[in-house]
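Here's the structure, in structure tokens; my notes come after.
Now the structure itself:
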């Protein structure tokens, strides 16, 4: 599955759960003054905010996506501020994150 396909699938899942998933475009980030390495997604769910980097899953025909230097640096800086960045490569990974947000607020219904 391509990263773009996974992002769209995650967006639909978030909507069904009553969460908001912001997709942050990073194309030409260095030219626009954006922070290099900022994660692909910001999940707002049940009072929680989660930063999520999406990577292509490894298949028999294609190697897994890897973090670039800007992403590694951002994740390290976020960790210094005690802000985790989740790295996912599947809808299951995303659902685990979203459901953990919902469970922290006592929302029991799973989608």
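In my numbering, the protein residues as written are 338 to 448.
Even for Gly, the Cβ is constructed at its ideal location relative to N, Cα and C.
Note that the coordinates shown come from a computational prediction; the quantities given were computed from them, not determined experimentally.
A distance below 8 Å between beta-carbons, with the five flanking residues on each side excluded, links residue 392 to the following residues of its chain, in chain order: 340, 401, 402, 403, 404, 424, 425, 426.
According to the DSSP assignment, residue 344 belongs to the alpha helix (DSSP H) that extends over 340 to 353.
In this structure residue 344 is not in contact with residue 380, their Cβ atoms being roughly 12 Å apart against a cut-off of 8 Å.
For residue 375, there is no enclosing beta strand (DSSP E), since its DSSP letter is neither H nor E. Secondary structure remark: continuous alpha helix (DSSP H) runs of at least 4 residues inside the stretch 421 to 445, in chain order: 428 to 441.
DSSP lists 378, 423 as the bridge partner or partners of residue 389. Distance between residue 376 and residue 354, taken at the CA atoms: about 21 Å. If you look at residue 406, you'll find it in the alpha helix (DSSP H) that goes 406 to 417.
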